[in-house]
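K.L.:
One structure is given below, represented as structure tokens, and several questions about it will come after.
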Amino acid sequence: MSTLATADLGPSDDEADTDFVPEGPKKKAPRVAGQAAGSDDDSGDDSDDEGGAEEVSDELKKLRQEREEQEALDRKQRAAEAFRAMLEEEKLGGPLGGVPRVQVEMVEIQRPRRFAGETIYETVCLPSDDPEVIRYLQQQEQKRLASEMSPSGSGSVTPTHNGNGHTEAAAAIAATESPSKPPLRKGPMRKRPRQSLEAMAAAIDKGKKMTTLEKMDWKSLTSSDKHLADELQANRRSGGYLEKQAFLERVSERKESSAPGSASSGSRRG
Numbered sequence: 067m068s069t070l071a072t073a074d075l076g077p078s079d080d081e082a083d084t085d086f087v088p089e090g091p092k093k094k095a096p097r098v099a100g101q102a103a104g105s106d107d108d109s110g111d112d113s114d115d116e117g118g119a120e121e122v123s124d125e126l127k128k129l130r131q132e133r134e135e136q137e138a139l140d141r142k143q144r145a146a147e148a149f150r151a152m153l154e155e156e157k158l159g160g161p162l163g164g165v166p167r168v169q170v171e172m173v174e175i176q177r178p179r180r181f182a183g184e185t186i187y188e189t190v191c192l193p194s195d196d197p198e199v200i201r202y203l204q205q206q207e208q209k210r211l212a213s214e215m216s217p218s219g220s221g222s223v224t225p226t227h228n229g230n231g232h233t234e235a236a237a238a239i240a241a242t243e244s245p246s247k248p249p250l251r252k253g254p255m256r257k258r259p260r261q262s263l264e265a266m267a268a269a270i271d272k273g274k275k276m277t278t279l280e281k282m283d284w285k286s287l288t289s290s291d292k293h294l295a296d297e298l299q300a301n302r303r304s305g306g307y308l309e310k311q312a313f314l315e316r317v318s319e320r321k322e323s324s325a326p327g328s329a330s331s332g333s334r335r336g
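Okay, so the sequence shown: first residue is 67 according to the working numbering, each after it adds one.
This is how it looks when you write it as structure tokens:
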């Protein structure tokens, strides 16, 4: 029987292991002061956070408002400076200062237009360097020279010297002294041929035709007036106006054709 003196007190297997960590006695965690208050302190912290957020949003609104006011003030200042600069340019006479602005001369011209099959002239004002104005002035100058060169205006032509020393009056006189052509003789007037019945009917057919409304009015008129209806019916039975005219033409032609024959037969009898 082994005693304490004879017992093997060497290191155990656990102590010989290098990874062995001895377990110490467990200690209780110290209690934090103020933890007993619980939810009261938490609610107070939440209210403080909300109040801080409101203060931050108010400051942001103030900063934004101040920035907008500053931008509006800057815009007004820039507009006032631009207006003063424009007034100074007008006083100086130009944007470069001291250089007067070139005033473009406006010229009134007559612009022809076609309206409803007729030529009308519209008065417009255009700059003097416009191509339409230059062309219009050239045409007017050509018309003026043509009127001066014409025989009717030769008496009022004033001698104007050109670069070669000749005068326009001499040219106008030379043009008027040229021998004029004799007037053409008119031939004998041709007798207008007689118009046949077919040609007259064709000419009448080419006239303006009655519309449906006019035909209805004419029908209502003839149906309401009995005397007019009887007269129209009698005229249709007798042949109408055109047939009467054709009959009269045939009678006159027979008379003309029989007149020379009767004269020749009378001379033979004599």
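For each residue, glycine too, the CB sits at the ideal point set by N, CA and C. These numbers come from a predicted model, not from an experiment.
Out of curiosity, what's the CA-to-CA distance linking residue 203 and residue 210?
P.N.:
Approximately 10 angstroms between the Cα atoms of the pair.
K.L.:
What's the gap between the Cα of residue 169 and the Cα of residue 196?
P.N.:
Looking at the two C-alpha atoms, the distance is approximately 14 angstroms.
K.L.:
Take the Cβ of residue 122 as the centre, count every other Cβ of all protein chains shown within 10 Å, and call the residue buried at 16 or more, exposed below.
P.N.:
Classification for residue 122: exposed.
K.L.:
Distance check for residue 155 and residue 142, CA to CA, integer angstroms please.
P.N.:
Near 20 angstroms, if we compare the C-alpha coordinates of residue 155 and residue 142.
K.L.:
Compute the Euclidean distance between the alpha carbons of residue 321 and residue 292, then round it to the nearest angstrom.
P.N.:
Computed Cα separation, rounded: 41 angstroms.
K.L.:
By the three-class DSSP mapping on this structure, what secondary structure does residue 277 have?
P.N.:
Note: residue 277 maps to coil in three-state DSSP.
K.L.:
Going by the beta-carbon positions, is the gap between residue 16 and residue 184 smaller than 7 angstroms?
P.N.:
For the chain, the structure presents residues 67 to 336; residue 16 sits outside this window and is missing.
K.L.:
With a 10 Å radius around its C-beta and 16 neighbouring C-beta atoms as the bar for buried, classify residue 223 as buried or exposed.
P.N.:
Summary for residue 223: the model assigns pLDDT 46, below 50, so the residue's position carries little reliability, and this model does not support an answer.
K.L.:
What is the rounded straight-line gap between the Cα of residue 323 and the Cα of residue 311?
P.N.:
The alpha-carbon atoms of residue 323 and residue 311 are separated by roughly 18 angstroms.
K.L.:
Which one of 174, 179, 180 and 198 has the shortest CA to CA distance from residue 190?
P.N.:
Of the listed residues, the one whose Cα sits closest to residue 190 is 174.
K.L.:
Taking 8 angstroms as the limit between beta carbons, can you name the residues of its chain near residue 288, skipping five residues before and five after?
P.N.:
Only 294, 295 and 298 meet the Cβ criterion.
K.L.:
How would you write the range of the beta strand (DSSP E) that residue 176 sits in, first residue to last?
P.N.:
Counting along the chain, the beta strand (DSSP E) containing residue 176 begins and ends at 172–181.
K.L.:
Express the C-alpha separation of residue 180 and residue 215 in angstroms, rounding to a whole number.
P.N.:
Taking the straight line from one Cα to the other gives about 30 angstroms.
K.L.:
Starting from residue 196, follow the alpha helix (DSSP H) in both directions and report where the run begins and ends.
P.N.:
Counting along the chain, residue 196 falls outside any alpha helix (DSSP H), and DSSP gives it neither H nor E.
K.L.:
On the criterion of 16 or more Cβ atoms from any shown chain inside 10 Å, does residue 317 qualify as buried, or is it exposed?
P.N.:
Per the 10 Å Cβ criterion, exposed.
K.L.:
Quick check on residue 221: does DSSP put it in helix, strand or coil?
P.N.:
Note on residue 221: pLDDT 47, under 50, position unreliable in the model; no value is reported.
K.L.:
Within the continuous alpha helix (DSSP H) that includes residue 296, where are the two ends?
P.N.:
292–304 is the span of the alpha helix (DSSP H), which, as asked, contains residue 296.
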